[in-house]
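For the sequence shown, my numbering assigns the number 298 to the initial residue and increments by one for each residue that follows.
Notes to accompany the following structure.
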Amino acid sequence: MSLWYTDFFMATPVKVKALVTRVVKHTPSVVSYQFAPQGRVPKFHPGQFLHLALDAYSPDRPWPESRVFSIASATSERARELSVTISVKGTYTQRIFNTLQEGSECWLKLPYGEFLFPDDRPLALVAGGVGITPYLSLLKHRLEIRSSQPIRLSYGVRSAEYYLFGELLNRCEAELPNFHMAVYCEDGSVPGNRGILDIAAIHDAAPGKALFFLSGPPAMISAFRNRLSGLGVEQNRIRVDDWE
Ligand SMILES: Cc1cc2nc3c(=O)[nH]c(=O)nc-3n(C[C@H](O)[C@H](O)[C@H](O)COP(=O)(O)OP(=O)(O)OC[C@H]3O[C@@H](n4cnc5c(N)ncnc54)[C@H](O)[C@@H]3O)c2cc1C
């Protein structure tokens, strides 16, 4: 197994109380939450995730039930802001949706995860739907440093309603010299390609020796991983954010 991620300094996770400062409902079932942490937040890397617990944590009790979500905010803003985008899928995310409002308290535990982006290789990012979330922190960071790293984002959505974070993506196209985006929209309501993500076309358009990052529904990840292997992409050039 490749231990490439050992190049990244990994902070020890901390538990921190957080106040909800903003709630944005993108669709009836996709919501972004912004939190103001009430304690120290360690440096995290783009692509890492946090645990979110609705019930109060106390050091004399075990960590309460929680679920994990990609950190969508920039690490440089962590002292005053953390954010996540949640697709309501099951019992717990429904509880989050019903409970968290501006002013609510919850508990976060972070950082975790090895879905990490080297800065010295071309990146081919593939996002299916809410699978865009682990890339948001990366793109915010690369905007901050005006990065010239070759990045090609392929973003698949069902319809315009599900096309999220357009403002950030437009900024990347305008301000990052080597950023390119291809949108695949099933019903054609977003300009770009009509239909579902086409992994063969994504492979052909990727910069040479690019690392492929796959984030989205498990069936998409498994199909695309197999297809990329079939196209000759070595396993160590394929990284997946597995939400199962
Ligand atoms: C690395 C990673 C990043 C993710 N990022 C995002 C994101 O940015 N946005 C997003 O919407 N989703 C994300 N997810 C998925 C998210 O964590 C939820 O698992 C998913 O939304 C399922 O919905 P639910 O928790 O409401 O379902 P539920 O029906 O509540 O639970 C789903 C499953 O969680 C497990 N589970 C049950 N009880 C517990 C418990 N007490 N503690 C822990 N697990 C339990 C069971 O396997 C259960 O079937 C991510 C998952 C991973 C692994």
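Backbone N, C-alpha and C fix where the C-beta goes; we use that ideal spot for every residue, glycine too.
In its own chain, which residues sit with a C-beta less than 6 Å from the C-beta of residue i, not counting the 5 before and 5 after it?
{"i": "ALA502", "result": "none"}
{"i": "ASN512", "result": "For the record, residue 512 in the displayed sequence is Ser; it is not Asn. Counting only Cβ-Cβ distances below 6 Å, and skipping sequence neighbours, we find ALA424, GLY428, PRO431, ASP538."}
{"i": "LEU457", "result": "It should be pointed out that residue 457 corresponds to Ala in this sequence rather than to Leu. Same-chain partners within the cutoff: SER486, VAL487."}
{"i": "ARG418", "result": "LEU508"}
{"i": "GLN532", "result": "none"}
If I'm right that residue i touches residue j with Cβ under 8 Å, what's the distance once you round it to whole angstroms?
{"i": "ASP484", "j": "ARG455", "result": "7 Å"}
{"i": "ALA421", "j": "PHE509", "result": "5 Å"}
{"i": "SER451", "j": "ALA479", "result": "5 Å"}
{"i": "GLN335", "j": "LYS314", "result": "4 Å"}
{"i": "LEU379", "j": "SER370", "result": "5 Å"}
{"i": "ILE393", "j": "ILE383", "result": "6 Å"}
Exposed or buried, what is residue i when buried is set at 16 or more other beta-carbons lying within 10 Å of its beta-carbon?
{"i": "ILE499", "result": "buried"}
{"i": "THR396", "result": "exposed"}
{"i": "LEU435", "result": "buried"}
{"i": "GLY344", "result": "buried"}
{"i": "ARG364", "result": "buried"}
{"i": "LYS437", "result": "buried"}
{"i": "ILE442", "result": "exposed"}
{"i": "SER299", "result": "With a pLDDT of only 46 at SER299, under 50, the local geometry of the prediction cannot be trusted, and no value is derived from it."}
{"i": "SER526", "result": "exposed"}
{"i": "ARG536", "result": "buried"}
{"i": "GLY505", "result": "exposed"}
{"i": "ARG377", "result": "exposed"}
{"i": "PHE521", "result": "buried"}
{"i": "ARG337", "result": "exposed"}
{"i": "ARG491", "result": "exposed"}
{"i": "ARG559", "result": "The chain is shown only over 298 to 541; residue 559 falls outside these bounds and no answer can be derived."}
In chain order, what residues of the same chain have a beta carbon less than 8 Å from the beta carbon of residue i, not counting five sequence neighbours either side?
{"i": "ASP539", "result": "PRO515, ILE518"}
{"i": "ARG439", "result": "GLN446, ILE448, CYS469, LEU473, PHE476"}
{"i": "ALA497", "result": "ARG524, LEU528"}
{"i": "PHE462", "result": "ILE429, LEU433"}
{"i": "ASP530", "result": "In the sequence on display, residue 530 carries Val and not Asp. So the qualifying residues of the chain are HIS500, PHE509."}
Report all residues from its chain with a CB closer than 7 Å to the CB of residue i; omit the five preceding and five following residues, and keep chain order.
{"i": "ALA308", "result": "PRO339, LYS340, PHE341, PRO408"}
{"i": "TYR354", "result": "LYS312, TRP360, PRO361, TRP404"}
{"i": "THR318", "result": "GLN331, PHE332, ALA333, GLU399"}
{"i": "GLY489", "result": "ALA479, VAL480, TYR481, CYS482"}
{"i": "PRO310", "result": "LYS406, LEU407, PRO408, TYR409"}
{"i": "PHE366", "result": "PHE346, LEU347, LEU349, VAL381, ILE383"}
Could you tell me which residues DSSP puts in a beta bridge with residue i?
{"i": "CYS469", "result": "In DSSP, CYS469 forms no bridge with anything."}
{"i": "LEU413", "result": "Looking at the DSSP assignment, LEU413 forms no beta bridge with any residue, so it has no partner."}
{"i": "GLN331", "result": "ARG319, SER380"}
{"i": "THR324", "result": "VAL327"}
{"i": "VAL480", "result": "TYR452"}
{"i": "GLU374", "result": "DSSP output for GLU374 lists no bridge partner at all."}
{"i": "VAL365", "result": "HIS348"}
Legend entry - Given 8 Å, three or more beta-carbon pairs between the segment 446-453 and the segment 379-391: no
Inset, instruction - Tell me, please, whether the segment 416-430 touches the segment 396-404 by the rule of three or more beta-carbon pairs shorter than 8 Å. - result: no
Legend entry - Inter-stretch contact (C-beta, 8 Å, three-pair minimum) for the segment 346-354 and the segment 320-328: no
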